[in-house]
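Chemist: Take this structure, written in structure tokens, and hold onto it; I'll ask about it next.
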Amino acid sequence: MLNIVLFGPPGAGKGTQSKKIIEKYHLIHLSTGELLREHMSNGTELGKVAHTYIDQGNLVPDDLVIKMVDVEIDSHPETNGFIFDGFPRTVKQAEALDELLEKKGEKIALMIALDVDEEELKNRLKLRAQISGRTDDQDEERINNRIAVYKKETLPVAEYYEKQSKLKRIKGVGEIDEIFNDICKAIDQVK
Ligand code: ADP
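Position 14 (the sequence shown) corresponds to 15 in our numbering; numbering is contiguous.
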């Protein structure tokens, strides 16, 4: 299997690039944000708990997210691999993912980190708010909280993969196809 972590702040373009990556490499897109939104709209127990965290721009507790990911991985036994989007978001999640994959005889091949400056991110999120309908995209305070949480909780995850020599930074500003090309080069090196 080819397992890739796609990393970057809210608004970095992870969703856009994921779509292109899964098409080309036939991977399963595992976005914890999307899965959690599905749980919320289906009104599951997990969805009800997650709602209070997500709406404030805070992270959902690690144990809940890790369990959800474990179930999702097991539901795709035939896949070529996964692209993890929005996960792991804490070092604890990264450690849990390594353990989980090891038990299944798998590992992470690469982390791709999309670099986008903060001004550009805020502009993109404001634009997205107008079309996404996501409540956590709607006001500046909640967006700012998500960026603050990202810096405190999530940035250390890049170091975690850097220590394992699995981190590849890619400039996330410019033409979508150019960014995608850079991503493909990085993937083709580990494939
Ligand atoms: P974005 O890429 O805009 O940050 P996501 O769709 O990835 O948005 O996530 C939306 C929200 O869902 C996050 O702000 C957080 O509350 C919750 N969430 C998503 N993934 C995780 C995760 N791995 N751990 C904890 N919370 C998560």
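In this text, a Cβ means the ideal position worked out from N, Cα and C, and glycines have one as well.
Measuring from the CB of G82, is there a heavy atom of ligand 1 at a distance below 7 Å?
Modeler: No, ligand 1 has no heavy atom inside 7 Å of this Cβ.
Chemist: Consult DSSP for L1 and reduce its assignment to one of helix, strand or coil.
Modeler: Residue 1 lies beyond the stretch modelled for the chain, which goes from 2 to 192, so this question has no answer here.
Chemist: Under 7 Å from any heavy atom of ligand 1, does the C-beta of F181 make it?
Modeler: Incorrect: F181 has no Cβ contact closer than 7 Å to ligand 1.
Chemist: What is the DSSP secondary structure of H30, reduced to helix, strand or coil?
Modeler: If DSSP states are grouped into helix, strand and coil, H30 belongs with the strands.
Chemist: Going by the C-beta, is L98 closer than 7 Å to any heavy atom of ligand 1?
Modeler: It does not: the Cβ of L98 is nowhere closer than 7 Å to a heavy atom of ligand 1.
Chemist: Alpha carbon to alpha carbon, how far is I177 from D183? Give it in angstroms, no decimals.
Modeler: When rounded, the distance between both Cα atoms is 10 Å.
Chemist: Is G173 near ligand 1 - that is, is its Cβ less than 7 Å away from at least one heavy atom of it?
Modeler: Checking every heavy atom of ligand 1 against the Cβ of G173, none is found closer than 7 Å.
Chemist: Does at least one heavy atom of ligand 1 sit under 7 Å from the Cβ of N124?
Modeler: No, the Cβ of N124 stays beyond 7 Å of every heavy atom of ligand 1.
Chemist: Which residue wins for smallest C-alpha separation from L28, given the options E46, L7, L47?
Modeler: The shortest C-alpha separation from L28 is found at L7.
Chemist: Do you know offhand how far K93's Cα is from D63's?
Modeler: The straight-line gap from Cα to Cα measures roughly 7 Å.
Chemist: With L111 and I5 assumed to form a contact (beta carbons below 8 Å), what rounded beta-carbon distance in angstroms separates them?
Modeler: L111 to I5, Cβ: 5 Å. Contact.
Chemist: Does the beta-carbon distance from K192 to L3 come in below 8 Å?
Modeler: For K192 and L3, yes; Cβs fall inside 8 Å.
Chemist: Considering just the uninterrupted stretch of the alpha helix (DSSP H) at V72, what are its terminal residues?
Modeler: Here the alpha helix (DSSP H) through V72 covers 63-75.
Chemist: On the premise that A95 lies in contact with Y54, defined as a C-beta separation below 8 Å, what is that separation, rounded to the nearest angstrom?
Modeler: Their Cβ separation, rounded to whole angstroms, is 19 Å, which puts Y54 and A95 out of contact at 8 Å.
Chemist: Under a three-way DSSP split, which group does L7 fall into?
Modeler: Of the three classes helix, strand and coil, the one that applies to L7 here is strand, per DSSP.
Chemist: Out of P89, K152, V174, I180, point me to the one whose CA is closest to N124's CA.
Modeler: Out of P89, K152, V174, I180, V174 has the C-alpha closest to the C-alpha of N124.
Chemist: Distance, Cα to Cα, S19 vs D86?
Modeler: If I take the Cα positions, the gap works out to 8 Å.
Chemist: Label G9 either buried or exposed according to how many other C-beta atoms from any shown protein chain fall within 10 Å of its C-beta, with 16 as the threshold for buried.
Modeler: Buried: at least 16 other Cβ atoms inside 10 Å.
Chemist: Tell me whether P11, by its Cβ, gets closer than 7 Å to a heavy atom of ligand 1.
Modeler: Correct: P11 has its Cβ closer than 7 Å to ligand 1.
Chemist: Looking at D116: is its Cβ nearer than 8 Å to the Cβ of R170?
Modeler: It is a contact, given that the beta carbons lie within the stated cut-off.
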